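Chains as they are written, first to last, in this note's numbering: chain E, 6 to 170; chain Z, 6 to 170.
Number of protein chains: 2
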Amino acid sequence: MILAGIIMAEAAAIYGDKNAAQSQSYGPESRGGASKSEVIISEQDIDYPKATSIDCMLALTQEACTKYHDDVKKDGILLVDSTYVTDIPDGDFKVISEPIIETARDELGKIITANIISLGMIAELTEVVTRESIEQAVLSRVPPAFLELNKKALAVGFDHAARHK
Amino acid sequence: MILAGIIMAEAAAIYGDKNAAQSQSYGPESRGGASKSEVIISEQDIDYPKATSIDCMLALTQEACTKYHDDVKKDGILLVDSTYVTDIPDGDFKVISEPIIETARDELGKIITANIISLGMIAELTEVVTRESIEQAVLSRVPPAFLELNKKALAVGFDHAARHK
Numbered sequence: 006m007i008l009a010g011i012i013m014a015e016a017a018a019i020y021g022d023k024n025a026a027q028s029q030s031y032g033p034e035s036r037g038g039a040s041k042s043e044v045i046i047s048e049q050d051i052d053y054p055k056a057t058s059i060d061c062m063l064a065l066t067q068e069a070c071t072k073y074h075d076d077v078k079k080d081g082i083l084l085v086d087s088t089y090v091t092d093i094p095d096g097d098f099k100v101i102s103e104p105i106i107e108t109a110r111d112e113l114g115k116i117i118t119a120n121i122i123s124l125g126m127i128a129e130l131t132e133v134v135t136r137e138s139i140e141q142a143v144l145s146r147v148p149p150a151f152l153e154l155n156k157k158a159l160a161v162g163f164d165h166a167a168r169h170k
Numbered sequence: 006m007i008l009a010g011i012i013m014a015e016a017a018a019i020y021g022d023k024n025a026a027q028s029q030s031y032g033p034e035s036r037g038g039a040s041k042s043e044v045i046i047s048e049q050d051i052d053y054p055k056a057t058s059i060d061c062m063l064a065l066t067q068e069a070c071t072k073y074h075d076d077v078k079k080d081g082i083l084l085v086d087s088t089y090v091t092d093i094p095d096g097d098f099k100v101i102s103e104p105i106i107e108t109a110r111d112e113l114g115k116i117i118t119a120n121i122i123s124l125g126m127i128a129e130l131t132e133v134v135t136r137e138s139i140e141q142a143v144l145s146r147v148p149p150a151f152l153e154l155n156k157k158a159l160a161v162g163f164d165h166a167a168r169h170k
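Dropping the structure here:
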């Protein structure tokens, strides 16, 4: 999922015309516990590279959802994997629950595509980058042998997200 | 080199017992120009995930060196690639100039190993992570077919750095 964060930042800053900052935080909890990858995208300079009020959060595990959902801003989006996140927290955000991991395994045949499906969903839901920018960024970061698979994963993400708009 | 930053952070926080934050900043200049990857390692919590006073900077291009060397702290280390950085800036830091890219190409046979050679050098020069932690972190992040190549690249980095200690 770190790679997904990097691709989103590059879609905005290299293939789009915005600024971006992307970060990972590792604490003692990173040894097997929840860890976090963040992306900030702005038309202005980014002074403080840490996300404090989140437009869209993706949580693939219950632990991550429980631990971090408080940072989602009012009317933001909390996207969760419906298989692994069953205890949905209350809050002034829109919850979108989709079987992302299951879709990666069953529709794409590779669990590893879950990050690219997620990227497609987030791009479509937030509209912070264009479909063209995110596709260029994905294709520049994945091995040549997997271009078609990842293009398809992205399209599946766009489709699943479009149902919620 | 983003991957090198991620591996350094994971060496400290997952394979060592420290906290780490790792970030990339992308501005309009990222389109072909200088871009920057940062790692902060601390025994305390990391509140501000942006490096402001740098213990060790690696610059592979003259542009990056010229643009960012001011952030290296007093008695810090400025590590540069001797082939591409020929105009060494003045400052209260120790300059170490090594043909990193050339070593990757000639000793390892693959330019892509320059990032792992660099990691070995930085680990050895700063001693911020142990040789064991950085090796575990490298081996967990590279494809199985390239384990031996990367292990060798890391060892070459240790060796080249040890000459400067």
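By construction, the Cβ of each residue, glycine as well, lies at the ideal position given by its N, Cα and C atoms. The structure displayed is predicted, hence computed values, not measured ones.
Taking only the alpha-carbon atoms, compute the straight-line gap between residue i and residue j and give it to the nearest angstrom.
i: E/Gly162; j: E/Ala119; result: 9 Å
i: Z/Ala160; j: E/Leu83; result: 44 Å
i: E/Gln49; j: Z/Gly32; result: 9 Å
i: Z/Gln29; j: Z/Ser102; result: 24 Å
i: Z/Ala16; j: Z/Pro148; result: 17 Å
i: E/Gly10; j: E/Ser145; result: 14 Å
i: Z/Ala69; j: E/Asp52; result: 20 Å
i: Z/Lys72; j: Z/Ile7; result: 18 Å
i: Z/Asp92; j: Z/Asp111; result: 24 Å
i: E/Ile139; j: E/Phe151; result: 16 Å
i: E/Val143; j: E/Lys99; result: 27 Å
i: Z/Pro94; j: E/Met13; result: 34 Å
Taking the DSSP output, what are the residues bridged to residue i?
i: Z/Leu84; result: Z/Leu63 and Z/Ile101
i: E/Lys41; result: E/Ser30
i: Z/Val77; result: Z/Ile59
i: E/Asn24; result: E/Ser47
What does a CB cutoff of less than 6 Å around residue i pick up in its chain, not counting 5 residues either side in sequence?
i: E/Asp4; result: Any question about residue 4 of chain E goes unanswered here, given that chain E covers just 6 to 170.
i: E/Ala166; result: Met126, Glu129 and Leu130
i: E/Gln141; result: Tyr20
i: E/Ala3; result: Residue 3 of chain E is absent from the structure shown; chain E starts at 6 and stops at 170.
Closer than 7 Å by C-beta to residue i: which residues in its own chain qualify, once you throw out the five before and the five after it? Chain order, please.
i: Z/Asp97; result: Lys79 and Asp80
i: Z/Leu154; result: Leu113, Lys115 and Thr118
i: E/Thr88; result: Pro104, Ile106 and Glu107
So for residue i, helix, strand or coil by DSSP?
i: Z/Ala167; result: helix
i: Z/Glu139; result: It is Ile, not Glu, that sits at residue 139 of chain Z in the sequence shown. Correct three-state label for Z/Ile139: helix.
i: Z/Met46; result: Reading off the sequence shown, one finds Ile at residue 46 of chain Z, where the question assumed Met. Looking at Z/Ile46 - three-state DSSP - the assignment turns out to be strand.
i: E/Gly125; result: helix
i: E/Glu112; result: coil
i: E/Thr91; result: coil
i: Z/Met13; result: helix
Around the Cβ of residue i, are there at least 16 other Cβ atoms within 10 angstroms (buried) or fewer (exposed)?
i: Z/Leu130; result: buried
i: Z/Glu43; result: buried
i: E/Leu124; result: buried
i: Z/Lys170; result: exposed
Who are the near neighbours of residue i in its chain, counting only those whose CB is closer than 8 Å to its CB and skipping five residues on each side?
i: E/Asp76; result: Ala56, Thr57, Ser58, Ile59 and Met62
i: E/Ile122; result: Ile105, Thr108, Ala109, Leu113, Ala158, Leu159, Val161, Gly162 and His165
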